[in-house]
Amino acid sequence: MSHVFHRHLQHTYPVAVRGDGAYIIDQQGKRYLDASGGAAVSCLGHSDAAVIAAVQQQVSQLAYAHTSFFTTEPMEQLADFLIERAPAGMESVYFVSGGSEAVEAALKLARQYFVEIGQPQRRHLIARRQSYHGNTLGALATGGNAWRRQQFEPILMNVSHVSPCYAYREQQPGESEGDFVARLVRELEDEILRLGADQVMAFVAEPVVGATLGAVTALPGYFQGIREVCDRYGVLLILDEVMCGMGRTGSLFAAEQEGISADLITIAKGLGAGYQPIGATLVSKQIYQAIASGSGFFQHGHTYIGHATACATALAVQHQIEQRNLLPQVRQLGNSLMARLRQRFAEHPFIGDIRGRGLFQGLEIVQDRSSKAAFDPSLKVNARLKKAAMANGLMCYPMGGTVDGRTGDHILLAPPFILQDSQLDELVDKLALACDQVF
Ligand code: PLP
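Residue numbers (numbering that gives the first Met the number 0): 0 to 438.
Here it is as C-alpha cells:
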C-alpha cells in the first residue's frame with residue numbers, strides 16, 4: 000500500500016521513471032506521448048540537456064539563498080529577461096513556486112496597491128464563470144468553476160463572476176460576434192456599477208481559458224473592451240497566463256495577441272517547463288511605484304520565493320525557447336495539429352467544437368451536436384477517455400465541467416514545443432482510438 004496521499008485515493012498510477020523528449024516512460028518500459036505537457040507544463044519535453052545542465056550547475060554553485068538576506072544573479076537575470084519581453088508597462092517580477100501562489104500574490108498586490116494610494120474601500124473582485132485560477136483559498140475563490148468550489152464555498156472570499164467569452168455556448172442564436180462581445184463588456188461594466196465604481200479592486204481573466212473550458216480563445220475586441228472598462232473605473236486588470244502564457248499560444252505572452260497590456264500578469268507552468276517548480280507575478284510600473292514610494296514593503300512572502308535553482312532553470316528554459324526559435328514552430332505545429340484534429344473529428348458525433356491557439360487546443364465533447372447537450376457527469380466520460388488514452392500510451396487532459404450545466408466535458412491538448420510532425424499523427428491516431436473505445 001502506498002503511503003502517499005494521492006489525489007485520487009482509489010486509483011493506482013503507473014510509476015514514471017524516465018523522460019525522453021516528448022515521452023514519459025514508466026517502470027514497465029511503456030512510453031506515453033505527452034500530448035498535454037502534464038497540465039500544460041512540459042513545453043520543452045522531458046530530457047532537455049541544456050536545461051538539465053543549468054539545474055546541475057546552479058545546484059552545485061548555490062541551490063538556495065533566502066530572499067530576506069540576499070538577491071541572486073539567476074533571479075535578477077530572469078526578471079530582466081521577462082520584463083524586456085513583457086507587454087508594455089510591466090516593471091518588476093515577484094517570483095513564487097507555482098500558479099496558485101502567483102495568483103495569490105497578484106490579489107494581495109492589488110489590495111495593497113489600493114491601500115497604499117488611499118482607496119482602501121476597493122476590495123471587490125470580479126472574475127468569470129467557468130474559470131480556474133488555482134486551488135489555494137484566495138485563488139479558488141477567484142475562480143468560477145462550480146465543481147472545484149462547491150464544498151469550500153462557505154469559507155471562500157466573496158467574488159462576483161460574469162460570463163466568459165465562450166462563443167460556442169454563450170453567444171445567442173442570431174447574435175453577431177460584435178454584439179456578443181459588446182454584451183459581455185457591458186455585463187462587466189454593469190457589475191462594476193452594481194458593486195460601486197469606487198469599490199472594485201480588480202477584474203481577473205485568462206486570455207485563453209485552459210483547465211475549465213479547454214482552450215477557449217476570446218473573440219476579437221473582447222479584451223480591448225474589457226481593458227477600456229477597467230480603465231474607465233480605475234479597476235486593475237489581472238491577466239492569468241499561468242496556463243496560456245510562456246509561448247503556449249505562439250507568443251511569449253498570450254496578451255500580445257489581444258493587443259492589450261495588464262496591471263498584473265501571472266505566469267507559471269511553462270516558465271520552468273517542469274524542470275523546477277516556479278511561478279511569477281509581473282507587476283506594472285504604477286503598482287510597483289505606489290508601493291515603492293509608499294510603505295516600501297510588500298506584506299507577503301513564502302520561504303521559497305525567488306528560489307535560485309528554480310530561477311536559473313527557468314532562465315535556461317526561456318533561453319532555449321528563444322535560441323531555438325521555438326515560437327514560430329508553436330504557431331506552425333499548432334496549425335498542423337488543428338488541421339489534423341479538424342480532419343479527424345469535424346464530423347465526429349460526440350465532438351461539438353474544436354478550438355484553441357498555438358499548441359493549446361481543446362475538443363468539447365457533447366452527447367448531441369445539434370443541441371450541444373453534455374453527457375451526464377455520472378458517466379464520467381472524461382475519466383474514461385483519460386484511462387483509454389493512457390492505455391494507448393497517450394497523455395491528454397480531459398476535464399468535466401458539467402456540474403453547473405453550462406459546459407460539456409473537454410479534452411485539452413498542450414504538447415511540447417519540440418514535437419515532430421510525425422508525432423502529431425501519433426497523437427491524433429491515439430486520441431481517435433481512445434474516443435472509439437469510449438464512445
Ligand atoms: N491559473 C490558471 C489559469 C491555471 O490553469 C492554474 C493551474 O492549472 C493555476 C492558476 C494554478 O496553478 P498551480 O496549479 O501551479 O498552482
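Backbone N, C-alpha and C define an ideal beta-carbon position, used for all residues, glycine too. Bear in mind that the values here come from a model prediction, so they are computed numbers and not experimental data.
The beta carbon of Thr66 sits closer than 7 Å to the beta carbons of Ile304, Gly305 from its chain, once the five residues preceding and following it are set aside; these are given in chain order. Among the bridge pairs identified by DSSP, Ile23 is matched with Gly18, Tyr31. At the C-beta level, Phe252 and Pro86 come within 8 Å of one another. Secondary structure at Pro397: strand, using DSSP grouped into helix, strand and coil.
Bounds of the beta strand (DSSP E) holding Ile237 are 235-239. Collapsing the DSSP output to three states places Tyr112 in a helix. Classified as buried, Ile417 has 16 or more neighbouring CB atoms from the shown chains inside 10 Å of its CB. Unbroken alpha helix (DSSP H) runs of no fewer than 4 residues, entirely contained in the stretch 74-110, are not found. The beta carbons of Thr312 and Tyr63 sit no closer together than 8 Å. Under the three-state reduction of DSSP, Asp189 is assigned to helix.
About 7 Å separates the Cβ atoms of Met389 and Tyr31, confirming a contact at the 8 Å cut-off. In the DSSP assignment, Met200 falls within the beta strand (DSSP E) that extends over 199-204. Gly333 sits close to Gly249, with the two beta carbons spaced by under 8 Å.
Taking the C-beta atoms as reference points, Cys164 is found no nearer than 8 Å to Gly209.
The stretch 121-160 is shown to contain whole alpha helix (DSSP H) runs of 4 or more residues at 136-141, 145-148, in chain order. Of all C-beta pairs linking the stretch 172-179 to the stretch 90-98, fewer than three are shorter than 8 Å, placing the two stretches out of contact.
Assignment of beta-bridge partners to Phe359 by DSSP yields Arg356. Judged by beta-carbon spacing, Asp262 lies within the 8 Å limit of Leu236, meaning their Cβ atoms are closer than that value.
Boundaries of the beta strand (DSSP E) harbouring His409: 408-412, taken from the DSSP string. Val215 is bridged by DSSP to Val208. Distances from the CA of Tyr396 to each of Leu426, His347, Lys371, Asp19 were compared; the closest alpha carbon is that of Leu426. Ile320 has its alpha-carbon roughly 11 Å from the corresponding atom of Ala49. If you compare the alpha carbons of Ala104, Arg84, Val54 with that of Gln298, the shortest gap goes to Ala104.
Set against 7 Å, the gap from the CB of Asp25 to the closest heavy atom of the ligand PLP is not smaller.
Counting along the chain, Ser294 sits inside no beta strand (DSSP E), nor does DSSP assign it H or E at all.
Secondary structure note for Ser67: it is in no beta strand (DSSP E), with a DSSP letter that is neither H nor E.
For Tyr131, the distance from the CB to the nearest heavy atom of the ligand PLP is below 7 Å. Below 8 Å, too few C-beta pairs join the stretch 329-349 and the stretch 124-142 to call them touching: fewer than three.
For Ile264, the pairing in a beta bridge is given by DSSP as Leu238, Leu281.
The beta carbon of Leu314 lies closer than 8 Å to those of Ala53, Pro73, Gln76, Leu77, Phe80 in the same chain, with the five residues before and after it left out. Ranked by how close their Cα comes to the Cα of Leu155, the residues Ala217, Ala140, His318, Gln149 have Ala140 in first place.
Sequence-distant partners of Gln328 (beyond 5 residues in either direction) whose C-beta falls short of 7 Å from its own C-beta, in its chain, are Phe416.
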